[in-house]
Each structure stands twice: as C-alpha cells, then as structure tokens.
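First the structure, in the form of structure tokens, and then the observations on it.
Protein chains: 2
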Amino acid sequence: MSIQSRRERERAEREKLIITAARELAEAEGWEAVTTRRLAERVEYSQPVLYSHFKGKDAIMAAVAVEGCADLAVELRAARTAAPDARRAIAGVGAAYVAFADRHPALYDVMFNQAVPLPFATPQAPPALQAAFGELAEAVRPHAGDDDLGALTETFWAALHGLVTLMRGGRLPREHHELRLGLLLARFTG
Amino acid sequence: MSIQSRRERERAEREKLIITAARELAEAEGWEAVTTRRLAERVEYSQPVLYSHFKGKDAIMAAVAVEGCADLAVELRAARTAAPDARRAIAGVGAAYVAFADRHPALYDVMFNQAVPLPFATPQAPPALQAAFGELAEAVRPHAGDDDLGALTETFWAALHGLVTLMRGGRLPREHHELRLGLLLARFTG
DNA sequence: CACAAACGCTAGCGCTGCTAGAGTTCCAAG
DNA sequence: CTTGGAACTCTAGCAGCGCTAGCGTTTGTG
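Just so you know, the protein sequences line up as chains A and B, in that order.
So the first sequence is residues 20 to 209, counted in my numbering.
So the second sequence is residues 20 to 209, counted in my numbering.
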C-alpha cells in the first residue's frame with residue numbers, strides 16, 4: 020500500500036512540475052515558445068512522459084488555465100472585499116481584472132482566448148472558474164436592479180474581456196485605456 | 020509598355036486569387052487548415068510563388084483581414100442607414116456586428132483576434148478598418164452625450180467583441196445571447 | 001538568332017505534436 | 001536469494017508545418 024501510494028504521490032508531483040514549467044515558459048516567452056520538446060527538457064524527462072500525464076499539449080494548457088482561474092478568483096475577491104462601497108467594489112474588481120490580464124498575458128490567453136478542452140459555461144466548469152465568475156457577479160449585484168444578474172455579469176465580463184484583448188492585439192490605443200474603463204463603469208453603475 | 024502592364028495585371032490577378040483561396044479555405048475549414056501547401060495546391064502554383072507575393076503566411080492572413088474589414092463596414096453601414104431612429108440604429112449596428120462575426124468566424128478571427136502584421140489603432144490603419152469603426156462611431160454618436168465619442172465607441176466595440184469571442188470560445192452560454200445584447204444596448208442608450 | 005533577365009519549380013532545412021517499440025528498472029512470488 | 005512479470009522511460013521516427021536555396025525553363029530584347 021505504501022509503495023503504491025508513494026508512486027502515486029511522485030506522479031502527482033511530476034504532473035504539478037509539468038504544469039508549473041509550462042506556465043513559467045509561457046509567461047516568460049509566450050505559448051508559441053512552449054513546445055513539447057522544450058517542456059520535456061525543462062522538467063528533465065523525455066517527451067513521451069508528458070503524454071503519460073496529459074492527452075496532449077492542449078490538455079497541459081487546460082491545466083495551466085485552471086491554475087490561472089484560481090489565481091484570478093483570489094485577486095478579484097481581494098479587490099472586492101477591500102472596497103468600502105458597492106461603487107468602488109465594481110470599479111476595483113474591474114481594475115483588478117484588467118491588471119491581471121496585463122500582468123499575465125499568456126495566462127490570460129489560455130484562460131479566455133485560446134481553444135482549450137475545458138467545459139466552461141456549464142455546471143462541470145472548473146470550480147476555480149466558477150469562483151472567479153462569482154466574484155464578478157457579487158461586484159455587479161448591487162448595480163443589477165431588476166436585470167438578470169447572471170446575464171448582466173456575463174455582459175460586464177465580456178466588456179472587460181473585449182477591452183483587454185483588443186488592446187493587447189494592438190486594436191485599441193493604450194492611452195485611452197483608463198478613459199474607456201471609466202466609461203464602461205459609468206454605464207454599469209447607472 | 021503593354022507587355023509589362025499585362026504582366027503586372029496578371030500578377031495582381033494571381034495575388035487576388037491567393038487571397039480569395041485563403042479566405043475560402045479558412046471560412047470552410049478554419050485557419051488551422053490553411054497551410055501554405057494546401058493553399059499553393061488550391062491556386063495551382065507551387066509554394067514559393069506565395070512568397071513572391073507575400074512575405075509570409077501572416078501577410079496573406081492580413082490581406083484577408085483587410086478584405087473582411089471592408090465587408091464588415093458595408094454591412095454596418097447598411098444596418099445603420101436602414102434604421103428609423105438613433106436607438107434602433109445602434110441596436111441594428113450591434114446586431115449586424117454580431118451577425119457578421121457569427122456568419123464569418125474565421126474571417127472575424129483574423130480581423131480581431133489573431134496576431135497579424137497590420138497597423139490598427141493609428142492613422143496608417145487600413146481605410147476599410149477605419150470605415151468600419153466610423154460606422155460604429157456614427158451609431159454611437161447620438162448616445163454619447165458629453166462623453167468622448169472615440170473612447171465611447173471603442174468601449175462599445177470592445178463589449179461587442181467580448182460577447183462575440185467569449186461566446187464562440189464556449190465561455191458564455193449561447194442561450195443568453197440576445198438577453199446580454201439587450202442589456203448592453205440598454206446600458207449604452209441610457 | 002543569341003543572350004539575359006524574369007520566373008516557377010523541385011528539393012530540402014529545421015521545426016512541430018505525437019507515438020511505436022525497445023530497453024530498463026523495480027516489486028513480488030516461489 | 002532468485003526469477004518472472006509488470007511498470008515505466010527512453011530512443012528514434014512519422015507526417016506535417018513555414019520557409020528558402022538554387023536550378024531549369026520560359027520569355028522578351030538587342
């Protein structure tokens with residue numbers, strides 16, 4: 020029993036090692052630099068070992084995405100609970116969301132841009148993702164009025180996501196960013 | 020003179036052929052199916068011919084993106100001018116934008132999602148892109164009040180973009196789509 | 001007709017994600 | 001203490017990718 024459990028523990032540790040290495044590589048050089056060869060070299064195992072843990076590169080990216088969701092949820096919660104009132108709560112959460120995307124572009128990309136094999140808009144979605152969405156919803160709630168909270172939160176999220184991705188893709192000028200964010204918040208706080 | 024001009028014309032026709040083939044292939048099977056080999060086969064030339072017209076695959080995608088911008092501008096203009104009042108104008112333009120993205124996912128992707136070597140948020144941006152943005156701005160203008168029209172248009176655009184991309188990535192449930200769009204419009208028409 | 005320039009081709013480089021099959025290590029039963 | 005077998009990791013390789021060097025043909029000109 021003990022031997023088997025030790026093996027399982029070592030396997031889990033190695034899996035965690037792969038995920039961390041993938042994340043670090045991606046955050047340092049972007050996902051196009053994360054190849055199975057480089058990743059294998061980094062964890063000091065051969066390529067096929069990766070495939071004994073994950074079905075493919077996509078699955079590794081999905082695992083990193085889940086990690087990112089947990090981190091995002093923590094930061095959103097901190098921003099929300101630190102705010103003294105509802106108005107500054109939604110503003111703080113919005114700013115925290117944008118700051119997260121700005122600090123972790125590769126992580127954000129795999130979470131919300133790239134196609135990864137993860138269930139999203141279903142009850143089977145990763146708890147970390149649901150937690151992050153829940154933080155957004157709590158920040159939006161006081162400003163929802165009679166509107167459906169879920170749909171309104173989704174809309175607010177989409178707006179933040181659009182701002183973030185268009186700006187990073189060079190489609191929006193960076194200099195208007197704060198102004199745009201302010202306009203968005205004004206429209207969502209009545 | 021005539022011989023040279025004929026050659027130039029034929030070159031231009033072939034370039035147009037490449038762009039059209041790339042667009043058709045992408046719209047039919049997605050950009051991951053657009054390889055230089057398949058594209059070359061489709062236009063019935065060898066691979067290196069592509070590189071005598073375009074610097075690389077990215078440049079071909081950029082050319083397709085510019086075409087897409089022109090198409091989008093036309094559709095947005097039609098939606099805006101067909102509306103009887105300002106409220107229905109912005110609603111119509113928003114719906115037209117979303118419909119375009121829905122009908123041409125691959126085209127939309129290369130226009131606003133993927134990294135392509137195109138100047139965007141500058142005066143050097145393709146006229147077609149500026150035209151499309153201009154249509155959005157005209158639809159937003161009556162609802163801008165004292166807010167900066169440019170920044171507000173950018174914000175509205177970002178919100179639409181977020182709705183579109185999150186939904187296609189499976190991050191938002193499709194069934195709430197109309198509801199979300201309605202909530203967004205309500206927030207932008209005061 | 002001879003020549004030179006323009007042009008498109010074949011072949012190949014270094015890379016990608018992924019996998020078959022060989023070889024090794026390790027634990028358990030005799 | 002030995003031995004058989006399962007678990008595991010490795011090397012090597014496949015098909016495909018974007019891209020390019022360099023050869024051979026075609027084409028218009030003096």
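All C-beta atoms in this analysis are idealised placements derived from N, C-alpha and C, irrespective of residue type, glycine included.
Under 7 Å from the C-beta of B:Leu203: neighbouring residues of chain A: Mapped onto the second sequence, residue 203 of chain B falls at position 184. Near B:Leu203 (Cβ distances below 7 Å), the residues of chain A are Thr174.
What's the C-alpha gap between A:Leu148 and B:Lys74? Mapped onto the first sequence, residue 148 of chain A falls at position 129. Mapped onto the second sequence, residue 74 of chain B falls at position 55. Computed Cα separation, rounded: 40 Å.
Of all the CB atoms in chain A, is at least one closer than 8 Å to the CB of B:His123? The residue you call residue 123 of chain B lines up with position 104 of the second sequence. No, no contact with chain A.
Leaving out five residues on either side along the sequence, give the residues of the same chain with a beta carbon under 7 Å from the beta carbon of A:Glu34. What you label residue 34 of chain A is simply residue 15 of the first sequence in a count that begins at 1. His72.
B:Met20 at chain A interface by Cβ criterion, 8 Å: The residue given as residue 20 of chain B occupies position 1 in the second sequence. In this predicted model, B:Met20 has a pLDDT of only 48, less than 50, meaning its place in the structure is not dependable; the value taken from the coordinates is given anyway. B:Met20 does not count as touching chain A.
Please go through the same chain and pick out, in chain order, the residues whose beta-carbon is closer than 6 Å to the beta-carbon of B:Gly87, but skip the five residues on each side of it. For this step, residue 87 of chain B is matched to residue 68 along the second sequence. Result list for B:Gly87: Leu126 and Met130, in chain order.
Partners in chain B for A:Ala158, counting only beta-carbon separations shorter than 8 Å: Numbered from its first residue, the first sequence carries residue 158 of chain A at position 139. Going along chain B, no residue has its Cβ under 8 Å from A:Ala158, so there is no contact; the nearest lies around 15 Å.
Are the beta-carbon atoms belonging to A:Ile37 and A:Val53 less than 8 Å from one another? The count along the first sequence starts at 1 and reaches residue 37 of chain A at position 18. The count along the first sequence starts at 1 and reaches residue 53 of chain A at position 34. It is not a contact, given that the beta carbons lie outside the stated cut-off.
Within 8 Å, do at least three Cβ pairs link the region 135-148 of chain B to the region 182-200 of chain B? no
Going straight from the alpha carbon of B:Val68 to that of B:Val83, what length do you get? Within the second sequence, the letter at position 49 stands for residue 68 of chain B. Within the second sequence, the letter at position 64 stands for residue 83 of chain B. Straight-line Cα distance between these residues: approximately 17 Å.
Using a Cβ cut-off of 8 Å, pull out every chain A residue sitting near B:Ala105, in sequence order please. Taking the first residue of the second sequence as 1, we reach residue 105 of chain B at position 86. The contacting residues do not exist; B:Ala105 stays about 17 Å from chain A at best.
If you draw a straight line from the alpha carbon of B:Glu29 to that of B:Ala40, how long is it in whole angstroms? In the second sequence, residue 29 of chain B corresponds to position 10, counting from 1. In the second sequence, residue 40 of chain B corresponds to position 21, counting from 1. Answer to the nearest angstrom: the Cα atoms are 16 Å apart.
Reference A:Gln143, options A:Val85, A:Tyr70 and A:Lys76, closest by Cα: One-based indexing of the first sequence puts residue 143 of chain A at position 124. When only C-alpha atoms are compared, the closest one is A:Val85.
Which one of B:Ala150, B:Glu27 and B:Arg160 has the shortest CA to CA distance from B:Arg96? For the purposes of this step, residue 96 of chain B is taken as the residue at position 77 of the second sequence. It is B:Ala150 whose Cα lies nearest to the Cα of B:Arg96.
Give me the residue from A:Ala102, A:Pro103 and A:Trp50 with the minimum Cα distance to A:Asp77. Taking the first residue of the first sequence as 1, we reach residue 77 of chain A at position 58. Taking only the C-alpha atoms, the option nearest A:Asp77 is A:Trp50.
What are the boundary residues of the alpha helix (DSSP H) that A:Gln66 is part of? Counting from one through the first sequence, the residue named residue 66 of chain A turns up at place 47. First-last of the alpha helix (DSSP H) with A:Gln66: Gln66 to His72.
With a threshold of 16 other CB atoms inside 10 Å of the CB of B:Arg25, please say whether the residue is buried or exposed. For the purposes of this step, residue 25 of chain B is taken as the residue at position 6 of the second sequence. Under this definition B:Arg25 is an exposed residue.
Give the DSSP-derived three-state secondary structure of A:Ala84 in the structure shown. Position 65 of the first sequence, counting from 1, holds the residue named residue 84 of chain A. DSSP places A:Ala84 in helix when its eight states are reduced to three.
Among the residues of its own chain, which have a CB less than 7 Å from the CB of A:Arg56, if the five just before and after it don't count? What you label residue 56 of chain A is simply residue 37 of the first sequence in a count that begins at 1. Cβ neighbours of A:Arg56 beyond the five flanking positions: Gln66.
Should A:Leu202 and B:Thr174 be called a contact, given that it needs their Cβ atoms to be closer than 8 Å? Indexing the first sequence from 1 puts residue 202 of chain A at position 183. Indexing the second sequence from 1 puts residue 174 of chain B at position 155. Going by C-beta atoms, A:Leu202 is nearer than 8 Å to B:Thr174.
Would you say the region 150-164 of chain A touches the region 106-116 of chain A, given that touching needs at least three Cβ pairs under 8 Å? yes
B:Ala120 at chain A interface by Cβ criterion, 8 Å: Looking up residue 120 of chain B in the second sequence gives position 101. It does not: the Cβ of B:Ala120 has no partner Cβ on chain A nearer than 8 Å.
Tell me, please, whether the CB atom of A:Pro192 is closer than 8 Å to any CB atom in chain B? Stepping through the first sequence from its first residue, residue 192 of chain A is reached at position 173. It does: the Cβ of A:Pro192 has a partner Cβ on chain B nearer than 8 Å.
Please classify B:Arg122: does DSSP put it in a helix, a strand, or coil? What you label residue 122 of chain B is simply residue 103 of the second sequence in a count that begins at 1. If DSSP states are grouped into helix, strand and coil, B:Arg122 belongs with the helices.
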